[in-house]
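As structure tokens, the structure follows; a few thoughts come after it.
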Amino acid sequence: MQGFKMDPKSQNFVGIVVQMTMFSVLLFVQSCSKEKSSDSERGAEQVDLLEDFQTPTFREMIVAPGLQNKKVIKPLEDAWRRIDPKKDGWDSEVLSESATKKLKDMAIILRSPKKFKNSNINQFADSEYKGTSLRPEVLEQYFNNKKFAVFRGTPNIGEVPLNAALDGLVSIFDDSAEIEVELKLYRINLLKDRFSAQVLVHISGTVKEQQIQINSEWNTFWTLSEEDPKLLGIEALSFEEVRRLGKISEKLFADVTGSVFGDESAYRDQFLRSTDHWRSRLARDFGLDVVANHGMALGDVNGDGLDDLYICQQGGLPNRLFIRSPDGSLKDITAESNTGWIDYCASALILDFDNDGDRDLVISQDFKILFMDNLGDAKFELALGLGTHAQTFSITASDYDNDGDLDLFLCGYNPPAGYEGESGVMGEPMPYHDARNGGKNKLLRNDGNWNFTEVTEEVGLNQNNDRFSFAASWEDYDRDGDTDLYVANDYGRNNLYQNNAGKFIDVSQKLGVQDMSAGMSVSWGDYNRDGLFDLYVSNMFSSAGNRITYQRQFKSDAESVQVEGFRRHARGNSLFEGVSGNPFKDVSETTNVTMGRWAWGSRFADIDNDGWLDLLVANGFITSPDPGDL
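So in the working numbering, spot 278 of the sequence shown is number 278, and the numbers just go up one at a time.
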């Protein structure tokens, strides 16, 4: 049977809850060997406790059905108590939760201009509310490339009632339109008789057939009430309005997924079904993962000049290969191509590894790497399979030694069971913000004729090779004729391996790009067109992390550098500007690119064809009808 391996993003969630907010519970149970009294005598849903722990807290514990006849042998009463921020003494989190509920209720009203006009929005305001306008009367154009225009301004000084301030913000949108509203509380300060909270504001909708998005930041003031806080005032700290020039029909992107896949059964019967659907139907032993970290690969597998699509799937579901037709539609050729691996697969590449002129396929399959030779016309056979000694999450190829064939770098994430560097419960990353107990990365040198040799240590890539690597990207950033390698690591510092004629050295600290955070992707590009490569790394923007780590009681006995590490972890994405002959310059905050939410893949791309590289960031996490974990 497959051993249990905690998913990386589950680990991320556990790390955030356990170590950043310090709310954790770990209960070890064992079957009770003594004869029990009936459920009716004890209460059917209470745990039998050891004498030492007959406290009110544990007498009230509720357990899952089927676990009633268990005995808690090591209850952590303190940890159990601290799940509740109020009992744990985190007044700031109690207040932020209450204020967040109010903001969500406000957002629901604001989403419909018609409902807003008939609503009692002032119910959220205290009788002593004193706030300013939230949208400037005068906006100055900051940017215009004939496709987008950006306007900025400073809201007017002067007291405005809450309903008037919000009306001035949303009344510009068409009455018939449903607008998107997000109010995200990310910082809180406790004052003597009130508390303040900084809120990120994002509103988008249509105005006279024109797409408009408002980006703003508020400083809100609230009454000091845990149950029913009221607004004492809102001050707009910044305001930006982005307008999509042209009519609404001229959207930048259109979702064509359904038309491209058409009636393909794999799309209808597999892709459109959630992970929860398959978890209730497939055994865990297949490798089914609750989070599903699976990628895809693009490449022309049949030589017709059109890029085709290979999709990695959950364990128990076959990977899929689709060829593209001239009309843009996709056809499933998985069975005839012999590529329907049913084990857990995380990533793939479609590239010519044997230099025979057609594109081959390489797949990371849990703790293995599979090389499939393209025999022509998209017919594949397994040419080589290798063990990886780490769960490979992504793979990237480059001719690092300039010998004319493609070599392969494997990003190892989870170490194998029993790995000597493993520590902590279930081997989770320790410490959370700078973990060094991850799986080993590997470099496979292509020696031709489907022979690959591991040369990780030989070329120097064993330096700092003990992290939870999520992604990597090759680029000749120093312009010396060979490709260098940046590795984005979850739970800690990243690596920049400088390639010196086939030998590598980690220069990430020297060049200022360690970026100690939750690295999940990396992209190279020249965003400022100065001829030097710049670097963008996807991390996690955490509103909870930004709130908690700035409170005085957070790790009050820790050194400032450690606290700063946790704050840095919650900051979000990073942009490093290349500087000739000097370390990279961190311009993340000055360029306003940190707030990518829970970011996964990111890429430089000129999406509006104006000659300047833009940034695309894929973000989000598991969604379900129950939002209790959000």
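Glycine included, every Cβ here is placed at the ideal spot set by N, Cα and C.
All values reported here derive from a predicted model rather than from experimental measurement.
Of the listed residues the options, nearest to residue i (C-alpha basis)
i      : options                        : result
Asn156 : Val170, Val150, Ile172, Leu139 : Leu139
Thr339 : Ser325, Val301, Asp358         : Val301
Glu137 : Ser127, Lys146, Ser542, Leu169 : Leu169
Trp218 : Arg135, Val207, Lys117         : Arg135
Ser588 : Leu535, Phe621, Asn582, Asn546 : Leu535
Trp600 : Phe621, Arg467, Trp612, Phe584 : Phe621
Ala197 : Asp255, Tyr267, Ser112, Glu93  : Glu93
Thr388 : Asp405, Pro416, Asp373         : Pro416
Asp307 : Met296, Val487, Trp474, Asn592 : Met296
Leu615 : Tyr527, Lys555, Phe554, Thr154 : Tyr527
Ser259 : Leu485, Ser329, Ala335         : Ser329
Gly404 : Asp482, Val459, Phe470, Ser347 : Asp482
Pro113 : Leu375, Glu128, Gly438, Asn163 : Asn163
Gly303 : Arg111, Gly376, Thr594         : Gly376
Glu336 : Glu381, Leu349, Ile109         : Glu381
Ala472 : Arg479, Phe554, Leu461, Asp478 : Leu461
Span of the alpha helix (DSSP H) around residue i
i      : result
Phe116 : 113-117
Lys251 : It is not in any alpha helix (DSSP H) - Lys251 carries neither H nor E in the DSSP assignment.
Gly545 : 543-548
Gln562 : 560-571
Ser259 : 257-261
Continuous beta strand (DSSP E) stretch holding residue i: start and end
i      : result
Gln211 : 210-223
Glu454 : 452-454
Glu178 : Taken as a continuous stretch (DSSP letters only), Glu178 belongs to no beta strand (DSSP E), as it is neither H nor E.
Thr206 : 194-207
Arg445 : 442-446
Ala165 : From DSSP, Ala165 is part of no beta strand (DSSP E) but of the alpha helix (DSSP H) over 162-170.
Glu336 : Note, Glu336: premise wrong, no beta strand (DSSP E); alpha helix (DSSP H) at 334-337.
Arg279 : Run containing Arg279: none in the beta strand (DSSP E); it sits in the alpha helix (DSSP H), 275-279.
Lys503 : 503-506
Leu298 : 296-299
Tyr310 : 308-311
Gly601 : 599-605
Ser574 : 574-577
Beta-bridge partners of residue i, as assigned by DSSP
i      : result
Lys102 : DSSP lists no partner for Lys102.
Val291 : The partner list for Val291 (beta bridge, DSSP) is empty, contrary to what the question assumes.
Asp407 : Ser398
Asp534 : Gly525
Glu240 : Arg152, Asn215
Ser347 : Ser364
Ile369 : Ser364, Leu386
Leu185 : Val199
Val487 : Ala472, Asn495
Asn500 : Lys503
Inter-residue spacing [alpha-carbon to alpha-carbon] between residue i and residue j
i      : j      : result
Glu235 : Lys184 : 15 angstroms
Gln498 : Ala558 : 34 angstroms
Gly205 : Arg324 : 34 angstroms
Phe576 : Leu532 : 11 angstroms
Asp48  : Pro85  : Residue placement at Asp48 is poorly supported in this model, since its pLDDT is 42, which falls under 50; the coordinates are not used for a value here.
Glu422 : Pro431 : Residue placement at Glu422 is poorly supported in this model, since its pLDDT is 44, which falls under 50; the coordinates are not used for a value here.
Leu613 : Phe604 : 6 angstroms
Ala44  : Ile83  : For Ala44, the predicted model reports a pLDDT of 35, less than 50, meaning its position is unreliable; a value from the coordinates is still stated below. Between Ala44 and Ile83, the C-alpha separation is close to 24 angstroms.
Asp530 : Asp401 : 28 angstroms
Gly611 : Phe271 : 35 angstroms
Gly565 : His433 : 7 angstroms
Asp352 : Arg359 : 4 angstroms
Ser225 : Gly153 : 33 angstroms
Ala618 : Arg244 : 21 angstroms
Pro318 : Thr396 : 22 angstroms
Ser580 : Ala544 : 37 angstroms
Ala518 : Arg493 : 8 angstroms
Lys379 : Asp327 : 23 angstroms
Val291 : Gly315 : 12 angstroms
Ser394 : Asn441 : 10 angstroms
Arg59  : Met540 : Residue placement at Arg59 is poorly supported in this model, since its pLDDT is 46, which falls under 50; the coordinates are not used for a value here.
Glu457 : Ser398 : 18 angstroms
Gln2   : Asn465 : Confidence in Gln2 is poor, its pLDDT being 34 and thus under 50, which makes the residue's placement unreliable; the coordinate value appears in the next sentence. When rounded, the distance between both Cα atoms is 25 angstroms.
Met595 : Ser171 : 26 angstroms
Pro583 : His569 : 21 angstroms
Any non-hydrogen atom of the ligand NAP closer than 6 angstroms to residue i Cβ
i      : result
Asp228 : Of the ligands one can find in the structure shown there are none, so the ligand NAP has no counterpart to examine.
Checklist line | Cβ pair count under 8 angstroms reaching 3, the stretch 97-110 against the stretch 226-240 | finding: Yes, they touch.
Margin query: For the structure I just gave you, are there three or more beta carbon pairs, one from the stretch 442-456 and one from the stretch 506-524, closer than 8 angstroms?
Written below: Result no; under three Cβ-Cβ pairs closer than 8 angstroms.
Notebook entry, point to check: Counting Cβ pairs closer than 8 angstroms, one from the stretch 267-286 and one from the stretch 238-256, do we hit at least three?
Noted result: The answer is no - the stretch 238-256 does not touch the stretch 267-286, with fewer than three Cβ pairs under 8 angstroms.
Margin query: Across the stretch 185-193 and the stretch 121-128, are there enough close Cβ pairs to call them in contact, namely three or more that are closer than 8 angstroms?
Written below: Judged by Cβ distances under 8 angstroms, the stretch 185-193 makes no contact with the stretch 121-128, as fewer than three pairs qualify.
Item checked: contact_flag[the stretch 175-182, the stretch 142-153] where n(CB pairs < 8 angstroms) is 3 or more -> Output reads no: the stretch 142-153 does not touch the stretch 175-182.
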